[in-house]
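Undergrad: From first to last, the protein sequence lines stand for chains U and L.
The opening position of the first sequence corresponds to residue 419 in this note's numbering, with each subsequent residue numbered one higher.
The opening position of the second sequence corresponds to residue 2 in this note's numbering, with each subsequent residue numbered one higher.
We put the CB at the ideal spot given by N, CA and C, even for glycine.
Source: prediction; values computed, not measured.
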Amino acid sequence: EAQVTQNPRYLITVTGKKLTVTCSQNMNHEYMSWYRQDPGLGLRQIYYSMNVEVTDKGDVPEGYKVSRKEKRNFPLILESPSPNQTSLYFCASSLKGEGYGYTFGSGTRLTVV
Amino acid sequence: SQQGEEDPQALSIQEGENATMNCSYKTSINNLQWYRQNSGRGLVHLILIRSNEREKHSGRLRVTLDTSKKSSSLLITASRAADTASYFCATPSNTGKLIFGQGTTLQVKP
Numbered sequence: 419e420a421q422v423t424q425n426p427r428y429l430i431t432v433t434g435k436k437l438t439v440t441c442s443q444n445m446n447h448e449y450m451s452w453y454r455q456d457p458g459l460g461l462r463q464i465y466y467s468m469n470v471e472v473t474d475k476g477d478v479p480e481g482y483k484v485s486r487k488e489k490r491n492f493p494l495i496l497e498s499p500s501p502n503q504t505s506l507y508f509c510a511s512s513l514k515g516e517g518y519g520y521t522f523g524s525g526t527r528l529t530v531v
Numbered sequence: 002s003q004q005g006e007e008d009p010q011a012l013s014i015q016e017g018e019n020a021t022m023n024c025s026y027k028t029s030i031n032n033l034q035w036y037r038q039n040s041g042r043g044l045v046h047l048i049l050i051r052s053n054e055r056e057k058h059s060g061r062l063r064v065t066l067d068t069s070k071k072s073s074s075l076l077i078t079a080s081r082a083a084d085t086a087s088y089f090c091a092t093p094s095n096t097g098k099l100i101f102g103q104g105t106t107l108q109v110k111p
């Protein structure tokens, strides 16, 4: 089944403890991206990658890192999480980006205390 | 950043009725996409309409696009309780970033 797989689904962590949210797609998509969704603020892009080894900042990159060493994987790294990073996170992929539909993962609900 | 407005913000109908949602956007576009999100879950791609298309159908979904008015509408015919969800329009920027509307929350009562 074509899909984007995110893990974990739920995560509660403490301030400052490094964490990684994994994202993997099995569709050979070139474009991958991370969003966060917050009440009243909607969906905002954190980082995106147009292909392997090519990443760039979205609208809200502060406090996050990403890497794209392989085409299928695009992990989101929070080096020192803070409570304002409590949010619902989504990974998404698309064949080539702009002209194509996007497949979203099921989401990761992160709580930083 | 939000692309524009979706109207209405909330819609409640009976099963079997049609549901229409509208979306406006601000900039010129290559295409416009509609997504569905069940509560707290991931977004599901419903349909993509390109800027040179005026209407597109997929099952019970009908999407129209009016580039002169910078607006789109999504019609769900013969709605079912399972259609209860939030619906978002989105337009991609030239970096591939999806710019979402604020969404319409649809409730379909059995």
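1) Can you give me, in chain order, the residues of the segment 14-46 of chain L that have a beta carbon less than 9 angstroms from any beta carbon in chain U?
2) For the segment 419-434 of chain U, list every residue whose C-beta sits within 7 angstroms of some C-beta in chain L, in sequence order.
3) Work out the CA separation of residue 106 of chain L and residue 38 of chain L for me, nearest whole Å.
4) Ordered along the chain, which non-local residues of its own chain (more than five positions away) have a Cβ less than 7 angstroms from that of residue 518 of chain U?
5) Please say whether residue 506 of chain U and residue 474 of chain U have beta carbons closer to each other than 9 angstroms?
6) Find the residues of chain L that neighbour residue 520 of chain U, judging by a C-beta separation of less than 7 angstroms, and give them in chain order.
7) Let me see if you follow: with CB-CB separation under 9 angstroms, is residue 474 of chain U close to chain L or not?
8) For residue 84 of chain L, which three-state DSSP category applies?
9) So with Cβ pairs under 9 angstroms, would you call residue 456 of chain U a contact of chain L?
10) Under a CB-based cut-off of 9 angstroms, is residue 105 of chain L close to chain U?
11) How close, in whole Å, do the beta carbons of residue 102 of chain L and residue 89 of chain L come, if the pair is a contact with beta carbons under 8 angstroms?
12) Expressed to the nearest angstrom, what Euclidean distance is found between the alpha-carbon atoms of residue 426 of chain U and residue 69 of chain L?
13) Quick check: the Cα distance between residue 40 of chain L and residue 428 of chain U, rounded to an integer number of angstroms?
14) Using a Cβ-Cβ distance under 9 angstroms, would residue 443 of chain U count as near chain L?
15) Exposed or buried, what is residue 58 of chain L when buried is set at 16 or more other beta-carbons lying within 10 Å of its beta-carbon?
16) So which residues of chain C does residue 463 of chain U contact, with C-beta pairs closer than 7 angstroms?
17) Would you identify the three-state DSSP class for residue 502 of chain U, choosing helix, strand or coil?
18) In chain order, what residues of the same chain lie with their CB nearer than 8 angstroms to the CB of residue 472 of chain U, ignoring the 5 residues before and after it?
19) Determine the chain U residues that contact residue 95 of chain L at a beta-carbon separation under 7 angstroms, and present them in chain order.
20) Closest Cβ-Cβ distance between residue 506 of chain U and chain L: below 9 angstroms?
TA: According to the structure data:
1) 31, 32, 34, 36, 38, 41, 42, 43, 44, 45 and 46
2) none
3) 9 angstroms
4) 512
5) no
6) 46 and 99
7) yes
8) helix
9) no
10) no
11) 6 angstroms
12) 44 angstroms
13) 15 angstroms
14) no
15) exposed
16) In the displayed structure, chain C is absent; the protein chains listed are U and L.
17) helix
18) 486
19) 516
20) yes
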